[in-house]
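Read left to right, the sequence shown gives residues 10 to 478 (my numbering). Glycine is no exception: its CB is placed at the ideal position from the N, C-alpha and C atoms. Report on the following structure.
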Amino acid sequence: MTGLPRRLRALPLRSRLALLVAMAVAVAVAAVAAACWFVTREQLEHQLDSSLRNSPAVDRSLVTELLASCQGAGRGPLKPPGSYTLQIIDAAGTVCGSPNTTRISPADEDLAVAAGKRRDALHSGTDSDGTKMRVYTYGLELRPSGQLYAVSVARPEKEVTDPLSTLAWVLLLVSGIGVVGAGAAGLWIARTGLRPVDDLAHAVEHVAETEDLTIRIPAEGEDEIARLSRSFNAMTSSLATSRDRQSQLIADAGHELRTPLTSLRTNIELLARSDETGRAIPPDDRKALMSSVKAQMTELAALIGDLQELSRPDAAQPGPLQVVALHDITRNALQRARLRGPELTITADLAPWYVRAEPAALERAVVNVLDNAVKFSPQRGTVEVTLNRGELTVRDHGPGIPAEDLPHVFDRFWRSPSARQLPGSGLGLSIVARTVQQAGGEIGLHPAEGGGTTAVIRLPGAPQPPPVV
């Protein structure tokens, strides 16, 4: 039984659909044909039985003349009208039939009627020629003798079986034509209906062979095929965008890595040349070279860390989410910010707020926001930090961000013209936006009133930690 389903699965989809349609039509046609045949047989048998009960051969005078003919007192050969066979059976089982007709051996039902045990009987029998007959027998009492006889009227059953055989062949022929036509129609419908699926399959094969993600499939209508086509187009568009972003990330990363690597190479070559030639570098210059190497290595390590952070899929969480105190994380970040900008005045007003996030990633995001504020603040400037009901606001008094640059501040490796001479990779705010979004929040930058920039981070949470279960 498992071989047939395996063979079906090996067929093309359109062939399977056509075969299933043909099978469904075959079952339906077979059911209708069988029902038609049985109903017709029932009707024909009923008509035959009714014709026997109401036939002219049961006329009393005709039976009397037949009985007289059988006893030698009749007027001669007597034949019942039509195709009926008429015979009389007495209680002893003696059969007296109409001349020139075959005899039908009396059945037990006929003898019971002749003996007065039954009123009538209806059954099938076989005559002396082997022809199957339908027999109706009823009791007849002759006057004045009071003698009881059984009168049998019969007709050939082929009057029913022959039309039924013809009907069976007709139904079989019509069913065969219907099944073949249904299979052909199903194949045509399957080819027509599955043409968009063929287009989709060709498109997928084309993408697999050529990696061309610009291909699109026409999507018309609102059916499942159109939805599938639109989903495929959306998928290829997303993949193309992702690949473009990946290529751009690699190109930008290469560009950003080139600067510290070039500086490192230059400084190391100077140190190596000094050792090779035996010319000592003045202590102050050597100290400056070593400081530069250390700074470039630090910048390179930070850039690699940022790239590792951004290399994770956007849907992936950087770590297990925990309930953390945003005010404590901000307080720790403020301590680091004060070390990087000791000449700045950093004020803080932090109300308790608990959020669900990955602690290390969230602290790094807050540190990046504060680092930007410290980096762009003027000497002896002020940075104002507030946390109120999940809204963390960091306001600096620096030069601000031009309006035309605001849409790009969260792009990877993007740096405003005024910040390109400052240390940094241009990935900080991208990491901040990613971390905040993964925590279910949002971030925005906008010019502050009176100059400077205000960064606002909103995170869902509560002023009290959830109860420990």
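Proximal residues to residue i (C-beta, below 7 Å), its chain only, five neighbours per side dropped
| i | result |
| --- | --- |
| L359 | H336, T339, R340, L396 |
| A31 | V188, A191, G192, G195 |
| P456 | G409, I410, T462 |
| P115 | I98, G102, V104 |
| L280 | L298 |
| P21 | none |
| L371 | V333, I338, T444, A448 |
| C45 | L180 |
| F419 | L438, S439, A442 |
| G125 | G148, L157 |
| L26 | G195, A199 |
| E451 | V445, R467 |
Bridge partners - residue i, DSSP secondary structure assignment
| i | result |
| --- | --- |
| Y147 | D129, V160 |
| Y363 | A334, A471 |
| N341 | Per DSSP, none; premise fails for N341. |
| I451 | First, the amino acid is wrong: residue 451 is Glu here, not Ile. DSSP output for E451 lists R467 as bridge partner(s). |
| R404 | E393, T463 |
| Q96 | G106, S161 |
| G134 | M142 |
| P456 | T462 |
| I355 | V392 |
| I113 | D136 |
Own chain residues within Cβ distance below 8 Å of residue i, not counting five before or after
| i | result |
| --- | --- |
| G453 | A464, V465 |
| A249 | L222, T223 |
| A374 | I440, V441, T444, V445, I466 |
| V332 | Y363, V364, R365, P474, P475 |
| A324 | Only weak support exists for where A324 lies, its pLDDT of 45 falling under 50; the value from the coordinates is given anyway. None. |
| R127 | E118, A121, G148 |
| S60 | R164 |
| H215 | D221, I224 |
| T135 | I113, S114, K141, M142 |
| P472 | A360, P361, W362, Y363, R398 |
| M10 | Low per-residue confidence applies at M10: pLDDT is 43, beneath 50, and the placement is therefore not dependable, though the value from the model is reported in the following sentence. Cβ within range, chain order: n/a, list empty. |
| D58 | L131, R143, Y145 |
Close-in-space but distant-in-sequence residues of the same chain around residue i (CB under 6 Å, 5 per side omitted)
| i | result |
| --- | --- |
| Y158 | I97, D99, L149 |
| S301 | N276 |
| T354 | T391 |
| S184 | V38, A42 |
| P469 | G449 |
| L8 | This structure leaves residue 8 out entirely; the chain is present only between 10 and 478. |
| L401 | I466 |
| R429 | Low per-residue confidence applies at R429: pLDDT is 48, beneath 50, and the placement is therefore not dependable enough to give any value. |
| A217 | none |
| T110 | T94 |
| I290 | S283 |
| A35 | V188 |
Contact belief for residue i with residue j at Cβ below 8 Å, rounded distance in angstroms
| i | j | result |
| --- | --- | --- |
| H406 | G460 | 6 Å |
| V394 | A357 | 5 Å |
| V144 | I186 | At roughly 40 Å, the Cβ-Cβ gap does not stay under 8 Å, so V144 and I186 are not in contact. |
| S64 | V162 | 6 Å |
| R225 | N242 | 5 Å |
| L343 | E367 | No, L343 and E367 are not in contact; Cβ-Cβ is about 20 Å, not under 8 Å. |
| L379 | A412 | About 24 Å separates the two Cβ atoms, so there is no contact after all. |
| E352 | Q388 | 6 Å |
| I234 | V206 | 7 Å |
Interface flag, residue i vs chain D, CB-CB below 8 Å
| i | result |
| --- | --- |
| A281 | Absence of chain D from the displayed structure is noted, only one protein chain being present. |
Three or more C-beta pairs under 8 Å: does that hold for the stretch 169-177 against the stretch 45-59? yes
Touch test, the stretch 221-238 against the stretch 266-280, Cβ-Cβ under 8 Å, three pairs minimum: no
Count Cβ pairs between the stretch 131-148 and the stretch 176-185 that sit closer than 8 Å; are there 3 or more? no
Is it a yes or a no for the stretch 162-169 touching the stretch 133-141, going by three-plus beta-carbon pairs under 8 Å? yes
The stretch 121-132 contacting the stretch 196-207, beta-carbon criterion three pairs below 8 Å: no
Length-filtered (4 minimum) alpha helix (DSSP H) runs lying within the stretch 190-222: 204-219
Where are the alpha helix (DSSP H) runs, 4 residues long or more, that stay fully inside the stretch 229-304, in chain order? 233-286
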